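Asks: If you scroll down you'll find the structure; I have some questions about it.
Chains as they are written, first to last, in this note's numbering: chain B, 12 to 128; chain L, 12 to 128; chain S, 12 to 128; chain Y, 12 to 128.
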């Protein structure tokens, strides 16, 4: 038992895939296509909805939303694993870059954060 | 120190966001929009490429790909956290459902796995 | 001169592609990948924005938005053409189906239109 | 009768929407979200498939693919119309830009066309 739940999940995903002999389909392009498709299915939960509608939908459909989040997360976790990328280390490195790009003093509360500060 | 690297990352993401007062932008619809946008940026790495081109691109651009994977992962992790969803538990639940839906005996090596078995 | 501006555009797109010998990259999967990527670039214009922010952005960036709309439209037009699909006829057929699916009496003003009427 | 089939379609789309009082949902952000969702449904037709699988799928599912293309096209046409953008003129302008960016002499047959020529 590693105590690292994400690493245990990586191993379960590998096993699930290999039992089905699916590695041959799971090249980086196909996995990225599937991540984009699942991301759109997640987004579909909020299609046409305003703030109030989003919150009502979340209350009534939390499990379905969790399933869509999980679909994106599983393909993403597998893609990182297949490319030899440590997912947590990649997030740490990107968070460092974002901290440089969006210093607190300039970014605080700014809606156009991803345009031009 | 929890030994749980993903949970530590959740806490870093919360801190990063709150220092910048960005929670007001991070409702589930906006986060899902951002997940879809970042998923497309990841996919863009493989646009127009055949198998050989994908592999060559991976070799030369691993860090940029890791950054795009991290962008999707961070928004996804935050969305799960904001909705009170344990990301690993959601993945475990979905993997169980997938195991029911795609039993090894029927799914093994089948390309049309997500059409109709 | 056909008087049909979309058909003239189809012919210009074909010529542009063939002068560059790009047909070999433009199979239906690659074109669909590119449509999804360009759709995300269009969506990026509205990332994080509320209603007021969207309208202000539209006023200041109409030409850039028009470019992103055009990118999606060109790949979509080419994909239809490559598949022998008349784009306008396909829209007419889908509009008929939608009229059946969303009769005015039930769909009028309903926000959840694409959930369950 | 204008002889312009796309313009006639614009008018049919407006009528369809207004009979249902749906303009209030069809702001540019929501339409762009829907374009991205429909683009992913189109892409889903080609998920996991290799070249041969794509072609076989096209032969058996042309009408369903035409429906997905039409869904993207209708939202895109409406978005352009709502923003006062002439869709064909936008495509012409973008094709001009692309001709500058990808001159035949440099772009001919190059797979990495959208990376760096």
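In this text, a Cβ means the ideal position worked out from N, Cα and C, and glycines have one as well.
Note that the coordinates shown come from a computational prediction; the quantities given were computed from them, not determined experimentally.
Beta carbon of residue 49 of chain L, beta carbon of residue 82 of chain L: below 8 Å?
Replies: yes
Asks: Using a Cβ-Cβ distance cut-off of 8 Å, determine whether residue 47 of chain Y contacts chain L.
Replies: yes
Asks: Return the chain-ordered list of same chain residues with a C-beta closer than 6 Å to the C-beta of residue 140 of chain S, the five sequence neighbours on each side being excluded.
Replies: Absent from the model: residue 140 of chain S. The displayed extent of chain S is 12 to 128, so no value can be given.
Asks: The segment 61-83 of chain L: which residues have C-beta closer than 7 Å to a C-beta of chain B, in chain order?
Replies: 62, 65, 69, 73, 76, 77, 78, 80, 81, 82 and 83
Asks: Assuming residue 27 of chain S contacts residue 110 of chain Y (C-beta within less than 8 Å), just tell me the rounded distance between them.
Replies: The C-beta distance from residue 27 of chain S to residue 110 of chain Y rounds to 7 Å, short enough to fall under 8 Å.
Asks: Assuming residue 27 of chain B is part of the alpha helix (DSSP H), what are its boundary residues?
Replies: Looking at the DSSP string, the run of the alpha helix (DSSP H) that includes residue 27 of chain B is 16-30.
Asks: Please report the straight-line C-alpha distance between residue 103 of chain S and residue 92 of chain L, rounded to a whole angstrom.
Replies: If you take the alpha carbons of residue 103 of chain S and residue 92 of chain L, they lie about 43 Å apart.
Asks: Within the 8 Å Cβ cut-off, does residue 44 of chain B reach chain S?
Replies: yes
Asks: Please confirm whether residue 41 of chain B has its beta-carbon closer than 8 Å to some beta-carbon of chain Y.
Replies: Yes, its Cβ sits closer than 8 Å to a Cβ of chain Y.
Asks: Mind checking the segment 23-38 of chain B against chain L and listing, in chain order, the residues whose C-beta falls within less than 8 Å of any C-beta there?
Replies: 23, 24, 27, 30, 31, 32, 33, 35, 36 and 38
Asks: Could you list which residues in chain Y have their beta carbon closer than 7 Å to that of residue 51 of chain B, in chain order?
Replies: The answer, in chain order, is 47, 48 and 51.
Asks: Could you tell me whether any non-hydrogen atom of the ligand NAP is closer than 7 Å to the CB of residue 102 of chain S?
Replies: Looking at this structure, you won't find the ligand NAP or any other ligand, since it has none at all.
Asks: Answer with buried or exposed for residue 79 of chain B, where buried requires no fewer than 16 other C-beta atoms within 10 angstroms of its C-beta.
Replies: buried
Asks: Which of helix, strand or coil does DSSP assign to residue 105 of chain B?
Replies: helix
Asks: Do residue 17 of chain Y and residue 42 of chain S have their beta-carbon atoms positioned less than 8 Å apart in this structure?
Replies: no
Asks: Can you name the residues of chain S whose CB is closer than 7 Å to the CB of residue 21 of chain Y?
Replies: Ordered by position in chain S, no residue passes the 7 Å Cβ test against residue 21 of chain Y, which lies about 10 Å from the chain.
Asks: Three-state secondary structure (DSSP) at residue 113 of chain S?
Replies: coil
Asks: Does the Cβ of residue 108 of chain S have 16 or more other Cβ atoms within 10 Å, making it buried, or fewer, making it exposed?
Replies: exposed
Asks: Helix, strand or coil: how does DSSP classify residue 37 of chain Y here?
Replies: coil
Asks: Kindly say whether residue 54 of chain Y, judged by its beta-carbon, lies nearer than 8 Å to any beta-carbon of chain B.
Replies: Closer than 8 Å: yes.
Asks: Quick one: does residue 112 of chain L have its CB under 8 Å from some CB of chain B?
Replies: No, because no Cβ of chain B sits closer than 8 Å to the Cβ of residue 112 of chain L.
Asks: Keeping to the same chain, check which residues put their C-beta closer than 7 Å to that of residue 60 of chain L; ignore five residues upstream and five downstream.
Replies: Beyond the five residues adjoining it in sequence on each side, residue 60 of chain L comes within less than 7 Å, by CB distance, of 68 in the same chain, given in chain order.
Asks: Would you call residue 34 of chain B buried or exposed, if buried means 16 or more other Cβ atoms sit within 10 Å of its Cβ?
Replies: exposed
Asks: How would you list, in chain order, the residues of chain B whose beta-carbon sits under 9 Å from the beta-carbon of residue 15 of chain L?
Replies: 14, 15, 16 and 17
Asks: Which of the three DSSP states, helix, strand or coil, is assigned to residue 121 of chain B?
Replies: Looking at residue 121 of chain B - three-state DSSP - the assignment turns out to be coil, as it is neither helix nor strand.
Asks: Assuming residue 135 of chain L is part of the alpha helix (DSSP H), what are its boundary residues?
Replies: Because chain L in this structure spans residues 12 to 128, residue 135 of chain L falls outside the shown range and cannot be described.
Asks: For residue 85 of chain L, which residues in the same chain have their Cβ closer than 7 Å to its Cβ, ignoring the five residues on either side in sequence?
Replies: 24
Asks: Would you mind working out which of Y:98, Y:117 and Y:118 sits nearest residue 19 of chain S, comparing C-alpha positions?
Replies: Y:98
Asks: For a minimum of 4 consecutive residues, which ranges assigned as the alpha helix (DSSP H) are wholly contained in the segment 50-89 of chain L?
Replies: 62-71, all fully within the segment 50-89 of chain L.
Asks: Excluding the five sequence neighbours on either side, which residues of its own chain have a C-beta within less than 8 Å of the C-beta of residue 72 of chain B, listed in chain order?
Replies: 56
Asks: How about residue 75 of chain B and residue 115 of chain L: are their beta carbons less than 8 Å apart?
Replies: no
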